[in-house]
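Chemist: The structure that follows is given in the form of structure tokens.
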């Protein structure tokens, strides 16, 4: 099974570029645009996420708060 990465980035052009490059390297990628959604999805599929890449300045909740 391919490693699964969650990218939490609110700027769509950045998220698209990151996703494109990670998928080209063989990773499964889930992109979300805010902290609360990232926490909700991680709670549902957390064991299936191998790595989370977080923007620090997100709408609704900072990347720091998501880490806590």
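In this note's numbering, the protein residues as written are 40 to 107. Ideal placement from N, C-alpha and C gives every residue a C-beta, glycine not left out. It should be emphasised that the depicted structure is a prediction, and the values quoted were computed from it without experimental measurement.
#1: Put residue 67 into one of helix, strand or coil per three-state DSSP.
#2: How would you label residue 63, buried or exposed, when you count the other beta carbons within 10 angstroms and need 16 or more for buried?
#3: Would residue 110 be called buried (16 or more neighbouring beta carbons within 10 Å of its own) or exposed?
#4: Candidates 90, 74, 92, 82: which alpha carbon is nearest residue 101's?
#5: Let me make sure I understand the geometry here. Which of 47, 68, 42, 82 has the alpha-carbon closest to that of residue 97?
Modeler: Short version:
#1: Mapped onto the chain shown, residue 67 falls at position 28. Correct three-state label for residue 67: strand.
#2: Within the chain shown, numbered from 1, the residue matching residue 63 stands at position 24. Exposed: under 16 other Cβ atoms inside 10 Å.
#3: The chain is shown from 40 up to 107; residue 110 falls before or after that span and cannot be answered.
#4: Walking along the chain shown from the start, residue 101 turns up at place 62. Comparing C-alpha distances from residue 101 to each of 90, 74, 92, 82 shows the shortest one belongs to 74.
#5: By one-based count along the chain shown, residue 97 stands at place 58. Looking from the CA of residue 97, the closest CA among 47, 68, 42, 82 belongs to 47.
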